[in-house]
Structure formats: C-alpha cells, structure tokens
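Student:
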Amino acid sequence: MSQILTIADLKDLARRRVPKMFFDYADSGSWTESTYRANEEDFQKIKFRQRVLVDMDNRSLASTMIGEKVSMPVALAPTGMTGMQHANGEMLAAQAAEEFGVPFTLSTMSICSIEDVASVTTKPFWFQLYVLRDKDFVLNLIDRAKAAKCSALVLTLDLQILGQRHKDIRNGLSAPPKLTLTNIFDMAIRPRWCAAMAGTKRRTFRNIVGHAKGVGNMASLASWTTEQFDLHLSWKDVAWIKERWGGKLILKG
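Here is the structure:
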C-alpha cells in the first residue's frame, strides 16, 4: 500500500500483515460483540461542528488532558499484546504518540514492559492497571510505573470477570498460542512479521513474567491470569491505589 489515508487503510494493511489470531484479538470483542459494535456506532455519531465566515488562520486542535498539553484531545488506549501485532509494538506506538503529541497508555498485559517503553521515550506515558488478587504484584506494578515517571495511572474498573472471546477460542489464542497447522501456515505466509518477531527478545508478557510470584514463563502465565481478576473490586480499592500511586488517577470503564 503506497498511501495510507484512512483508519480503514491501516486496518486492511494490518489484516494482510498480521497473523489472524493476533489481528482478530485487536479487532473483536467478547461474547456477542454487541458492546464492540455499539462503541463504533457511537463514534460514527460524532461530527465536527461547521462554522462559516470566521478566520481559519492559526486553527488548532491543541488542548489539555489531565493538565498535559496535547496536539489533539485523544489518547492511545491500552491494548494488550500490541507487541504481537508488530515486534516491539508498544515501544513503537509510544514513540509515535510522543512524536504526534498525544498520550500513550501502556497495558498491564503488554508484551513490552514498562521499563522497555520508558527506555525509548523522553516524555511520560500513562500506565493501565488491573486490580488483581496478588496485591504485592499490584503494588510492585505501581512502584515500577512511578519509577518510570508515568504521568498518570489508568485504573480499569470493568474487568472483574473475563469475557469469553469467541474468535480467540477458534483461533487457538492462548498463552502460549496453540501452534496448530492452520496457525503455523498463517504465520509462514507473513514473512515480514515472522522476521520481525524472530529479531526481538520481546515475545512474552514482560510486565508479568519474572515479576509475579510463580510466573516464570508463558506456560505458568495462563493459569495465573485466570485466577487473578478480583471479584471484590470496590471503591476501597480505588482509595488504597490512589494513596499508593500519589499522582493523577484516571478511572476507566
């Protein structure tokens, strides 16, 4: 594709270059995907308000978000496994966001770690946090985000129970991914993706593996993850997280 003019162009390019299991992960929702579709429909309703006979010189979309200057009032939302869409994906996305002048939010479930992203950026980014049963791990994540000088903590409130993602089940997306003949072939016909992934050391959940108790590899990660989401999430959790963090806190969900 010589020219990328729209988000649809980017989506088509990703569909061709990224193995199906990882593309479907980003381009889908859980259960019937009704919320996913509703979100897209809601964004379609947003229109620019036209004004005529006004001075258009020096027009700007610049604004502020939580006191930070931004080139336009949007931010890159946290997306798990971005590093499987493209090698070092979170690091590259953070650099792109910094260059454009909008906030980047790193997911707890990222492939590149907090420290990886901090090593390639010069401006503070945001970090998204889940409330998990392993409170020592959560505290450690908060402290790592503070050490990386993240400018905001984004606390996810609406994932106490993992939703079933039908496409992920059909594609065998797991930790580690199931290497079926279909998936192996699907990756093999995308040599650019394979070469990039072979050339990076970042192919696991680096915020978690080696940091959470008992999680030393991808095999132990799957069982740990399914047991970690806290059904008892409440405003009390928001209070102690806010106190531990001591900075700007964004509630998401």
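Note that my numbering has the sequence shown beginning at 11, numbered continuously upward.
Idealized CB from N, CA, C, for every residue including glycine.
Which ranges would you report for the alpha helix (DSSP H) in the stretch 112–154 if only whole runs of at least 4 residues count?
Tutor: You should have 124–129.
Student: Looking at L139 and L165, is the spacing between their C-beta atoms short of 8 Å?
Tutor: Closer than 8 Å, so yes.
Student: In whole angstroms, what is the alpha-carbon distance linking K252 and M91?
Tutor: Their backbone Cα atoms lie some 26 Å apart in a straight line.
Student: Buried or exposed for W250, going by 16 or more other Cβ atoms inside 10 Å?
Tutor: So W250 ends up on the exposed side.
Student: For C204, which residues from the same chain have a beta carbon less than 8 Å from its beta carbon, with the 5 sequence-adjacent residues on both sides left out?
Tutor: Same-chain partners within the cutoff: M197 and A198.
Student: Considering only the alpha carbon of each residue, which of K55, V84 and M66 lies closest to S73?
Tutor: It is V84.
Student: Would DSSP call A162 helix, strand or coil?
Tutor: It is a strand residue.
Student: Can you confirm whether the stretch 212–219 touches the stretch 119–133 when touching is taken to mean that 3 or more C-beta pairs between the two stretches lie within less than 8 Å?
Tutor: Flag = yes, the stretch 119–133 and the stretch 212–219 touch.
Student: In chain order, which alpha helix (DSSP H) runs of at least 4 residues are fully inside the stretch 25–99?
Tutor: Runs found: 30–36, 44–54 and 92–95.
Student: Looking at P113 and F267, is the spacing between their C-beta atoms short of 8 Å?
Tutor: Look at the range of the chain in this structure, 11 to 263, and you will see that residue 267 is not part of it.
Student: Taking one C-beta from the stretch 148–165 and one from the stretch 179–189 each time, how about it: are there three or more such pairs within less than 8 Å?
Tutor: The stretch 148–165 is not in contact with the stretch 179–189.
Student: For G99, does the count of other Cβ atoms within 10 angstroms reach 16, so buried, or fall short, so exposed?
Tutor: The residue in question, G99, is buried, as its Cβ has 16 or more Cβ neighbours within 10 Å.
Student: Does the Cβ-Cβ distance between A97 and A24 come in under 8 Å?
Tutor: Going by C-beta atoms, A97 is not nearer than 8 Å to A24.
Student: Keeping to the same chain, check which residues put their C-beta closer than 7 Å to that of G173; ignore five residues upstream and five downstream.
Tutor: These residues qualify, in order along the chain: S40 and W41.
Student: CB-CB under 8 Å to K258, same chain, minus the five flanking residues each way: which ones, in chain order?
Tutor: I76, G77, S161, A162 and L163, listed in sequence order.
Student: Quick one: residues in its chain with C-beta nearer than 7 Å to the C-beta of A103, no 5 flanking neighbours on either side, listed in chain order?
Tutor: These residues qualify, in order along the chain: L86, T92 and F114.
Student: Quick check on K252: does DSSP put it in helix, strand or coil?
Tutor: DSSP places K252 in helix when its eight states are reduced to three.
Student: Can you tell me which residues form a DSSP beta bridge with I218?
Tutor: Answer is none; I218 lacks a bridge partner.
Student: Would you call the CB atoms of I152 and W255 closer than 8 Å?
Tutor: Cβ distance < 8 Å, so I152 and W255 count as in contact.
Student: Please list, in chain order, all residues of the same chain as T236 whose beta carbon is under 8 Å from its beta carbon, the five residues on each side excluded.
Tutor: Result list for T236: L172, in chain order.
Student: Name the residue from F32, L169, P29 and F33 whose alpha carbon lies nearest to the alpha carbon of S244.
Tutor: Checking every option, the nearest Cα to that of S244 belongs to L169.
Student: Near K21, which residues of its chain fall below 8 Å by C-beta distance, leaving aside the five closest residues on each side in sequence?
Tutor: Only D37 meet the Cβ criterion.
Student: Here's the rule: buried if 16 or more other CB atoms are within 10 angstroms of the residue's CB, otherwise exposed. What is N181?
Tutor: Per the 10 Å Cβ criterion, buried.
Student: What residues in its chain sit with their C-beta under 8 Å from that of D34, if we drop five residues either side in the sequence?
Tutor: Excluding residues within five positions, the ones whose Cβ falls inside 8 Å are K177, D178, N181 and L183.
Student: L231 lies in the alpha helix (DSSP H); which residues open and close that run?
Tutor: Per DSSP, L231 belongs to the alpha helix (DSSP H) from M228 to Q238.
Student: Just the Cα atoms here: how many angstroms apart are G111 and F137?
Tutor: Between G111 and F137, the C-alpha separation is close to 17 Å.
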